[in-house]
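Residue numbers (our numbering): 16 to 574.
Following: one structure in structure tokens, then a few remarks.
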């Protein structure tokens with residue numbers, strides 16, 4: 016348990032982190048960036064300072080008594096004592112007591128009795144104690160008990176998209192191993208993703224210049240996004256003028272001509288322009304905050320957080336670039352896209368074969384078989400429901416138990432289209448209120464099932480929390496008086512939404528909560544059980560006449 020009194024300015028979790036980093040330093044397993052995280056905690060809670068210094072000096076005494084497992088060469092006692100007196104940490108008398116401790120008994124006395132002259136002297140000198148970063152830095156340079164870990168010196172270029180490397184440097188291939196270097200890499204265009212062995216992912220977007228360092232990355236200019244999933248590893252982004260120390264976060268950084276723009280999406284980032292010995296000019300930026308700062312940090316301006324200007328995930332196989340959008344467009348996926356705008360308009364899926372289809376106005380009658388879709392991983396399969404036989408709605412055999420009896424006819428294909436929508440009802444709406452929006456055109460009778468697990472695999476750091484859409488008949492149905500359709504939404508075969516006997520063009524908004532366990536999302540339209548051959552204005556109509564169902568602006572909401 017931490018000593019030195021209650022630390023009201025940091026949480027219990029932060030205290031545990033402090034103790035963990037202290038133990039890690041004593042074991043010789045701390046990195047430079049973790050030292051900076053350590054110093055932030057000391058700055059937030061000065062009461063921890065005495066606890067830390069006592070442990071540092073005690074470790075030294077135990078080392079002198081040859082009872083430690085220190086990994087580096089022995090620190091010369093005279094050099095260490097001279098360092099302590101120069102910094103004003105202890106007096107000459109105090110050092111005499113300390114340097115005399117060359118046996119187990121003396122070290123044990125110091126450890127167990129906090130009222131001796133040595134530790135009392137530390138307490139009286141509290142105001143003169145130097146920045147604890149100086150203690151650590153000195154011990155690093157002298158090779159005492161701290162062994163600096165190569166903080167991500169080995170990494171791999173895990174993916175790249177639309178890249179063009181500068182002619183003066185190498186054209187790196189995906190899978191290339193990267194090590195710290197003094198030579199800048201020039202990225203004229205495109206985006207690269209770098210995976211560090213210590214758990215950090217970094218995306219750099221061109222035009223940019225960068226190089227790997229022992230503690231992270233140096234960005235000469237450009238855009239960068241960092242994600243550190245391992246809370247035990249801190250990551251540092253150096254620029255020509257400012258240093259950014261990640262404390263287990265997601266953040267975006269833009270640097271150009273001495274001006275920095277930092278956007279913190281999760282966690283905290285320490286911003287400083289000095290070496291690790293000084294924290295006076297530093298500033299901690301917490302999540303959902305952003306700043307713009309000058310090269311010397313004399314000018315720091317708070318700005319709005321921008322969620323969509325940094326590339327956070329890329330997938331070169333799918334051609335996808337995710338910039339933090341909070342919604343995935345399911346209509347785009349019907350068009351063969353990844354939900355981020357790569358799909359083809361007026362393209363979709365043949366509900367009979369599961370193959371790619373374009374807008375062909377065709378009526379067909381088919382069995383209710385479930386057909387797998389192979390041209391995109393995000394759509395599991397399609398079907399034409401008839402309700403007369405068991406209706407399978409996923410590749411895992413989930414069933415649509417409430418499926419009504421239908422004619423088994425369908426019209427057109429399942430399509431990604433732009434359609435005019437407006438408020439939830441079209442009648443008497445001003446033209447200025449109407450807009451073109453992405454829609455899944457799902458004329459009765461048809462069904463399509465999305466694979467949420469495949470979508471999660473593309474964006475592994477996000478959660479799918481909801482499905483939202485506007486549901487109804489599109490505005491340009493040829494015979495509005497003939498409209499009669501049903502709409503259904505299922506999750507893993509369980510009915511989550513139904514709207515039956517829809518006879519007008521009023522749109523209904525739906526919002527369905529999704530959990531991490533949910534896998535298959537199914538959208539269905541049926542024909543409303545109209546009789547075949549009904550007469551209207553002397554016309555003999557089919558059961559599916561004018562049932563132009565659509566799911567307008569269908570999205571998965573991300574978190």
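Glycine included, every Cβ here is placed at the ideal spot set by N, Cα and C.
Check whether residue 250 and residue 257 have beta carbons under 7 Å apart
The residue given as residue 250 occupies position 235 in the chain shown. The residue given as residue 257 occupies position 242 in the chain shown. Against a cut-off of 7 Å, the Cβ pair of residue 257 and residue 250 comes out as no contact.
With 16 other CB atoms within 10 Å as the buried threshold, where does residue 491 fall?
By one-based count along the chain shown, residue 491 stands at place 476. Residue 491 is exposed by the Cβ-count criterion.
Boundaries of the beta strand (DSSP E) in which residue 468 is found, first to last residue
Walking along the chain shown from the start, residue 468 turns up at place 453. From DSSP, residue 468 is part of no beta strand (DSSP E) but of the alpha helix (DSSP H) over 467-473.
Near residue 422, which residues of its chain fall below 8 Å by C-beta distance, leaving aside the five closest residues on each side in sequence?
Here residue 422 corresponds to residue number 407 of the chain shown, with the count starting at 1. Cβ neighbours of residue 422 beyond the five flanking positions: 380, 401, 460, 542, 547, 557, 558, 559.
Tell me which residue opens and which closes the alpha helix (DSSP H) that residue 347 is part of.
Along the chain shown, one-based indexing puts residue 347 at 332. Per DSSP, residue 347 belongs to the alpha helix (DSSP H) from 345-349.
At which residue ranges does the stretch 296-339 contain complete beta strand (DSSP E) runs of 3 or more residues, listed in the order of the chain?
298-301, 304-308, 315-318, 328-330, 335-337
Please name the residue in 301, 330, 278 whose C-alpha comes closest to that of residue 320.
In the chain shown, the residue the question calls residue 320 occupies position 305. Comparing Cα-Cα distances from residue 320 to each of 301, 330, 278, the minimum goes to 278.
So residue 458 packs on residue 334, CB below 8 Å; how close in whole Å?
The residue labelled residue 458 in the question sits at position 443 within the chain shown. The residue labelled residue 334 in the question sits at position 319 within the chain shown. Their Cβ separation, rounded to whole angstroms, is 29 Å, which puts residue 458 and residue 334 out of contact at 8 Å.
Hey, how far is the Cα of residue 189 from the Cα of residue 494?
Here residue 189 is taken as the residue at index 174 of the chain shown, counted from 1. Here residue 494 is taken as the residue at index 479 of the chain shown, counted from 1. Rounded to the nearest angstrom, the two C-alpha atoms are 55 Å apart.
With 16 other Cβ atoms within 10 Å as the buried cut-off, status of residue 413:
For the purposes of this step, residue 413 is taken as residue 398 along the chain shown, with counting starting at 1. So residue 413 counts as buried.
Mapping the DSSP letters down to three states, classify residue 495 as helix, strand or coil.
Along the chain shown, one-based indexing puts residue 495 at 480. Helix, per DSSP.
Beta-carbon proximity check, residue 487 vs residue 533, cutoff 7 Å
Translated into positions along the chain shown, residue 487 becomes position 472. Translated into positions along the chain shown, residue 533 becomes position 518. No.
Pair within 7 Å by beta-carbon distance, residue 392 and residue 469:
Within the chain shown, residue 392 is the residue found at index 377, counting from 1. Within the chain shown, residue 469 is the residue found at index 454, counting from 1. Yes, Cβ-Cβ distance for residue 392 and residue 469 is below 7 Å.
CA-CA distance, residue 535 and residue 409?
As a working mapping, residue 535 is identified with position 520 in the chain shown. As a working mapping, residue 409 is identified with position 394 in the chain shown. Spanning the two alpha carbons is a distance of roughly 7 Å.
Bounding residues of the beta strand (DSSP E) (the contiguous stretch that carries residue 565):
Here residue 565 refers to the residue found at position 550 of the chain shown. Element bounds for residue 565: 564-573.
If the criterion is Cβ atoms closer than 7 Å, does the pair residue 356 and residue 431 meet it?
For the purposes of this step, residue 356 is identified with residue 341 of the chain shown, where counting begins at 1. For the purposes of this step, residue 431 is identified with residue 416 of the chain shown, where counting begins at 1. No, the pair does not count as a contact, with Cβ atoms beyond the cut-off.
Within 10 angstroms of the Cβ of residue 272, are there 16 or more other Cβ atoms? Answer buried if so, exposed if not.
Here the question's residue 272 lines up with position 257 in the chain shown. Counting Cβ neighbours within 10 Å, residue 272 comes out exposed, since fewer than 16 surround it.
Would the beta-carbon of residue 171 fall within 7 Å of that of residue 200?
The residue given as residue 171 occupies position 156 in the chain shown. The residue given as residue 200 occupies position 185 in the chain shown. Cβ atoms of residue 171 and residue 200: not closer than 7 Å.
Classify residue 348 as buried or exposed, calling it buried when 16 or more other Cβ atoms lie within 10 Å of its own Cβ.
For this step, residue 348 is matched to residue 333 along the chain shown. Classification for residue 348: buried.
Can you name, in chain order, every residue of its own chain whose Cβ lies under 6 Å from the Cβ of residue 354, other than the five neighbours on each side?
Mapped onto the chain shown, residue 354 falls at position 339. Cβ within range, chain order: 343, 344, 347, 348.
How big is the Cα-Cα spacing for residue 130 and residue 573?
What you label residue 130 is simply residue 115 of the chain shown in a count that begins at 1. What you label residue 573 is simply residue 558 of the chain shown in a count that begins at 1. Residue placement at residue 130 is flagged as unreliable, the pLDDT there being 39, under the threshold of 50; the coordinate-derived value follows with that caveat. Those two C-alpha atoms are separated by around 57 Å.
Measuring alpha carbon to alpha carbon, tell me which of 387, 386, 398, 426 ends up nearest residue 374.
Looking up residue 374 in the chain shown gives position 359. Of the candidates 387, 386, 398, 426, the one whose C-alpha sits nearest the C-alpha of residue 374 is 426.
Backbone secondary structure at residue 225 - three-state DSSP:
The sequence position of residue 225 within the chain shown is 210, counting from 1. If DSSP states are grouped into helix, strand and coil, residue 225 belongs with the strands.
Residue 52 - DSSP class collapsed to helix/strand/coil:
Start at 1 with the first residue of the chain shown, and residue 52 comes out as number 37. Here residue 52 sits in helix by DSSP.
Buried versus exposed, by CB contacts within 10 Å (16 or more), residue 33:
To locate residue 33, count along the chain shown from 1; it is residue 18. Buried.
Using only alpha-carbon positions, find the residue among 512, 513, 416, 369 that is nearest to residue 463.
Sequence index remark: in the chain shown, residue 463 carries index 448 (1-based). Looking at the Cα atoms, 369 is the closest of the given residues.
If contacts are defined as beta-carbon pairs under 8 Å, then residue 544 and residue 419 qualify, I think. What distance do you get, rounded to the angstrom?
Counting from one through the chain shown, the residue named residue 544 turns up at place 529. Counting from one through the chain shown, the residue named residue 419 turns up at place 404. Sure, about 6 Å apart at Cβ, within 8 Å.
Thinking C-beta only, is residue 529 closer than 7 Å to residue 566?
Within the chain shown, the letter at position 551 stands for residue 566. Within the chain shown, the letter at position 514 stands for residue 529. No, the Cβ-Cβ distance between residue 566 and residue 529 is not below 7 Å.
In whole angstroms, what separates the C-alpha of residue 292 from that of residue 474?
In the chain shown, counting from the first residue as 1, residue 292 sits at position 277. In the chain shown, counting from the first residue as 1, residue 474 sits at position 459. Since pLDDT at residue 292 reaches only 41, below the 50 mark, its modelled position is unreliable, and the value read off the structure follows with that caveat. Going from the Cα of residue 292 to the Cα of residue 474 covers about 39 Å.
Roughly how far, in whole angstroms, is the beta-carbon of residue 479 from the beta-carbon of residue 504, given that I think they are within contact range, below 8 Å?
Locating residue 479 in the chain shown gives position 464, counting from the first residue. Locating residue 504 in the chain shown gives position 489, counting from the first residue. That belief does not hold up - the Cβ atoms of residue 479 and residue 504 are roughly 15 Å apart, past 8 Å.
Where are the beta strand (DSSP E) runs, 3 residues long or more, that stay fully inside the stretch 408-443, in chain order?
424-426, 429-436
Which listed residue (562, 266, 234) has its alpha carbon closest to that of residue 424:
Position 409 of the chain shown, counted from the first residue, corresponds to residue 424. Checked all of 562, 266, 234; the closest Cα to residue 424 is 562.
Which of helix, strand or coil does DSSP assign to residue 355?
Locating residue 355 in the chain shown gives position 340, counting from the first residue. DSSP places residue 355 in coil when its eight states are reduced to three.
Same chain, Cβ closer than 6 Å to residue 518, five either side skipped, listed in chain order
If you number the chain shown from 1, residue 518 lands on position 503. So the qualifying residues of the chain are 498, 499.
Near the ligand ZN: residue 563 beta-carbon under 6 Å from a heavy atom:
Ligands in the displayed structure: none, and consequently the ligand ZN is not present.
Quick check: the Cα distance between residue 384 and residue 411, rounded to an integer number of angstroms?
Residue 384 sits at position 369 when you count from the first residue of the chain shown. Residue 411 sits at position 396 when you count from the first residue of the chain shown. Their Cα atoms are separated by approximately 14 Å.
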